[in-house]
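Number of protein chains: 2
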Amino acid sequence: MTDDWSSALLTDRYELTMLQAALHSGAAHRRSVFEMFARSLPDGRRYGVVAGTGRFLEALRRFRFDTEVLDYLADHSIVDDDTLRWLADYRFSGDIWGYAEGDCYFPGSPILVVDGTFAESVILETIALSIYNHDCAIASAASRMVTAAGERPLIEMGSRRTHEMSAVAAARTSYICGFTSTSNLQAGRLYQVPTAGTSAHAFTLLHDNERHAFDSQLRALGSGTALLVDTYDVDRAVRCALELAGPELGGVRLDSGDLAMTAARVRKLLDENEAFDTRIVVTGDLDEYAIQALAVAPVDGYGVGTALVTGSGEPTASLVYKLVARARGTDPGTPLEPVAKWSVGKPSKGGRKWSVRRLDDSGTATAELVYDAEPEPEPLARPLMRRLVANGEVVGEEPVEDARERHARSLRELPETAQRMSRGEPAIPTYFEQSVYT
Amino acid sequence: MTDDWSSALLTDRYELTMLQAALHSGAAHRRSVFEMFARSLPDGRRYGVVAGTGRFLEALRRFRFDTEVLDYLADHSIVDDDTLRWLADYRFSGDIWGYAEGDCYFPGSPILVVDGTFAESVILETIALSIYNHDCAIASAASRMVTAAGERPLIEMGSRRTHEMSAVAAARTSYICGFTSTSNLQAGRLYQVPTAGTSAHAFTLLHDNERHAFDSQLRALGSGTALLVDTYDVDRAVRCALELAGPELGGVRLDSGDLAMTAARVRKLLDENEAFDTRIVVTGDLDEYAIQALAVAPVDGYGVGTALVTGSGEPTASLVYKLVARARGTDPGTPLEPVAKWSVGKPSKGGRKWSVRRLDDSGTATAELVYDAEPEPEPLARPLMRRLVANGEVVGEEPVEDARERHARSLRELPETAQRMSRGEPAIPTYFEQSVYT
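So the protein lines, in turn, are chains S and H. Each residue of the first sequence is one higher than the last, beginning at 1 in full-length UniProt numbering. Each residue of the second sequence is one higher than the last, beginning at 1 in full-length UniProt numbering.
Structure representation (structure tokens):
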């Protein structure tokens, strides 16, 4: 990948036609506040996880209408010449606030707040939603898998089950949520996620027999490698592996069958041969429930694929990006007024919002408080929103490692109910509060 | 996007470690045949749809280990120097056969067959699976939605609910399956998919009131535009739209509420005002079942988002890429031998395969026949596999429009049961046949 691609057309056409109409009426230049939030969590989940922030900020920097892009829009008469001229100069010049990546969120949490003119803010809708809806969905599943795995490491290996670029984002996101490594090399290169992997059934089948395959792998990759032992007969494969590598064998991988029973049998075989440090890694259609069920099995690590990259039944986070306030004119200083669609059953709260997480004396979260104005700082309320973009300048980028540490802290801060696998209510309630300072 | 990106790291690490081990043992140079197929269709679906072929061929052309990629692999000690040197020269030099894009498939259909050395073929596994698993999942859902919609047009508008690059692929795929257009501008640019879209609730909320918003949109986009009429009160909005645009109004969009009841009321209002040609487009959490349920409502088009881009409950197609045959040596002419993992409940058939769709006298498909050798041509058996890559040269690229026409033909060829929305068995059975010519 080269570094000069434009993200500008990862956009729904209606944003540009709205822009054209608003430029025509002049309303395009009204100060506007858009808010991204979830009306509810994925079905039965106790918390959501903010992910995609870093990717969104990168996409924002790349949101430029270069000549190729403008030519496409002109050739297909998507917008008129005035709009093309405006797009050619496009640079977001406003402010963006949001939850830091890795933090937990709840229904109504204002996880992204975009404050600029209508024109410059509305056209970010699709790219923002695409990134956050995908990454938050993966994160919500990944975080629960990490909880289910306890102290045992998790390898993300779902690349083959999702779009090739989603795969890279899923690897990044699962690492933020506590996965140990990924099979995906591009995630290693772009985001410094540790990578893992040794061999597949094809490698065994390629050789004259299993012994030939194991011998090849051990010679090339050393005895610390992990051998895949379920191509034919598992017990025979483990014995063969031990004959060739001895107790120095790094690991064995099981990818099929009854993983709990097989792992117990393999552990016994390994121990009988004094291969006490040889690790057993299990893979094959694992999700958070299967991982939890394997807690008592002698397993040293899990590889997770399909369930991770498809959000374990919830492949999108259902976040929305709504205009919540706008000035009724373009003069500087015109006050913002709350706006909202009339809805039955889908309450949208108008107005710019600020939020904090209320903590008890022990530092455990008790509620998500969403204010209609910036609340006064206080010790038992952790502010949730940080400035990501200041006057058009991206100021919120950070290493993936920081988001990873933040997620672990944020999850520890929640009450223990958050870590239950069973379906239930959000771990803490969300309250919409009137600030005493307004 | 620029044109010189590499797809080489959209790959699982274990492919490169297997490569290293196989180069070490020499088995890397054995002729090998890999096959991509589905063990079953998505739950209850009657047929699958091949999609991603064009994208895979593009990714294959871009599968090059340039200096940046090699530096990453070297710096992180992913593979050894011999392997790096081999990768630097990598060009796939074999043959690839596969089902043409848009054709239907069934359990066991060999939708992609890669015939080359083990080394050059194994490292294509992840990129091939990522592309086909994503695109086939979307296609399977999209095709059913097109059937449900009958003659009415479908707009793909799910970009915001999926990864930003999956969105582009989903737009392309749904167009192949018969959608009329997409909201996604990048799909318009890259794949010449027609684009559509006018305005969102934010546009109405931005203005002083709904009349102000409608007036702005009509002035900028003309009376042929579609107005979104459900921000406040639908009936009032439709009356206002008609006052401003008259019967020339192009369309109205409904995005919430009981779409069937509201559409009937709006149609009546429009007709009373002689706006007989004003179209009613409905959007908002539609899937194939909701579309079918709206068949009797006075609706002129559907916009589909979430359900399309998430495969309507089946976000991945569960295709696998398996080594099915290899030579037991590297001398030219060494015969291929079938290979397969031992499995219970997951039958894998070893050996290179060829397939045809058996037709009856009327041209209706009756069975998928998968042979262990190339069958003799005959009039009532449509050959399904075409050469996509010949001696390393991509020969199977085609315009998206061709795949779109092929899908319509392929679906018409299936028995009528294929078009049922209810869950059931595959529309035709798959038979594995021994060729009389072997």
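In this text, a Cβ means the ideal position worked out from N, Cα and C, and glycines have one as well.
Closer than 8 Å to chain S by CB, residue i
i, result
"H/Leu9", "yes"
"H/Glu164", "yes"
"H/Ala27", "yes"
"H/Arg219", "yes"
"H/Tyr191", "no"
"H/Gly48", "no"
"H/Thr17", "yes"
"H/Leu383", "Strictly speaking, residue 383 of chain H in this sequence is Pro, with Leu absent from that position. Closer than 8 Å: no."
"H/Thr198", "yes"
"H/Ser256", "yes"
"H/Ala169", "yes"
"H/Pro298", "no"
"H/Thr262", "no"
Nearest candidate by alpha-carbon position, reference residue i, set the options
i, options, result
"S/Gly222", "H/Ile428, H/Asp12, H/Gln20", "H/Gln20"
"H/Gly108", "H/Leu319, H/Arg144, H/Arg409", "H/Leu319"
"residue 521 of chain S", "S/Ala327, S/Val282, S/Thr17", "As displayed, chain S neither begins before 1 nor continues past 438, which places residue 521 of chain S out of reach and without an answer."
"H/Arg279", "H/Asp285, H/Ala290, H/Glu248, H/Ile291", "H/Glu248"
"residue 469 of chain S", "S/Asp12, S/Thr11, S/Ser355, S/Glu58", "With chain S covering only 1 through 438, there is no way to say anything about residue 469 of chain S."
"H/Phe65", "H/Asp75, H/Arg55, H/Pro42, H/Tyr90", "H/Tyr90"
"H/Ser143", "H/Thr180, H/Lys349, H/Trp354, H/Val229", "H/Thr180"
"S/Val49", "S/Gly224, S/Val370, S/Val146, S/Leu286", "S/Val146"
"S/Glu15", "H/Gly158, H/Ala200, H/Phe118", "H/Ala200"
"H/Gln186", "S/Val168, S/Thr417, S/Leu9", "S/Leu9"
"H/Pro383", "H/Asp402, H/Pro399, H/Ser355", "H/Ser355"
Proximity test, Cβ basis, 8 Å: residue i and chain H
i, result
"S/Tyr371", "no"
"S/Asp12", "yes"
"S/Trp86", "no"
"S/Lys341", "yes"
"S/Phe203", "yes"
"S/Leu227", "no"
"S/Gln186", "yes"
"S/Pro114", "Position check: residue 114 of chain S holds Val in this sequence, whereas Pro was assumed. It does not: the Cβ of S/Val114 has no partner Cβ on chain H nearer than 8 Å."
"S/Arg161", "yes"
"S/Asn133", "yes"
"S/Thr278", "no"
"S/Pro153", "no"
"S/Ser216", "yes"
DSSP state of residue i mapped onto helix, strand, coil
i, result
"S/Leu294", "coil"
"H/Ile96", "strand"
"H/Ala408", "helix"
"S/Gly246", "helix"
"H/Thr438", "Residue placement at H/Thr438 is flagged as unreliable, the pLDDT there being 42, under the threshold of 50; a coordinate-derived value is accordingly withheld."
"S/Trp86", "helix"
"H/Met385", "strand"
"S/Arg326", "strand"
"H/Leu41", "coil"
"H/Phe56", "helix"
"S/Leu190", "helix"
"S/Ala200", "coil"
"S/Ser32", "strand"
"H/Glu374", "coil"
Closer than 7 Å at the beta carbon, the chain S residues around residue i
i, result
"H/Leu206", "Ala22, Ala27, Arg30, Ser32, Phe118, Leu323, Arg326"
"residue 480 of chain H", "Outside the shown range of chain H, which is 1 to 438, sits residue 480 of chain H, and nothing can be said about it."
"H/Asn209", "By Cβ distance, chain S contributes nothing, its closest Cβ being about 10 Å from H/Asn209, past 7 Å."
"H/Thr126", "Ser159, Arg160"
"H/Leu129", "Arg160"
Beta-carbon neighbours of residue i, restricted to chain H and to distances below 8 Å
i, result
"S/Gly98", "Per Cβ cutoff of 8 Å: no residues; S/Gly98 is ~17 Å from chain H at best."
"S/Thr316", "Arg161, Thr162, Thr306, Val309, Thr310"
Within chain H, partners of residue i - CB distance below 7 Å
i, result
"S/His407", "The contacting residues do not exist; S/His407 stays about 20 Å from chain H at best."
"S/Val122", "Ala202"
Beta-carbon neighbours of residue i, restricted to chain H and to distances below 9 Å
i, result
"S/Tyr232", "Lys341, Trp342"
"S/Ile78", "Leu185, Gly188, Thr195"
Proximity test, Cβ basis, 8 Å: residue i and chain C
i, result
"S/Met157", "The structure shown contains no chain C; the protein chains it does contain are S and H."
Under 9 Å from the C-beta of residue i: neighbouring residues of chain S
i, result
"H/Thr180", "Going along chain S, no residue has its Cβ under 9 Å from H/Thr180, so there is no contact; the nearest lies around 13 Å."
### Query
Can you list, in chain order, the residues of the region 63-74 of chain S whose Cβ is nearer than 7 Å to any Cβ on chain H?
Residues of the region 63-74 of chain S whose Cβ lies closer than 7 Å to any Cβ of chain H, in chain order: Tyr72.
### Query
Quick one, which residues of the UniProt region "Disordered" (396-429) of chain S are near chain H if we go by CB-CB under 7 Å, in chain order?
Residues of the UniProt region "Disordered" (396-429) of chain S that bring their beta carbon within less than 7 Å of a beta carbon in chain H are absent altogether.
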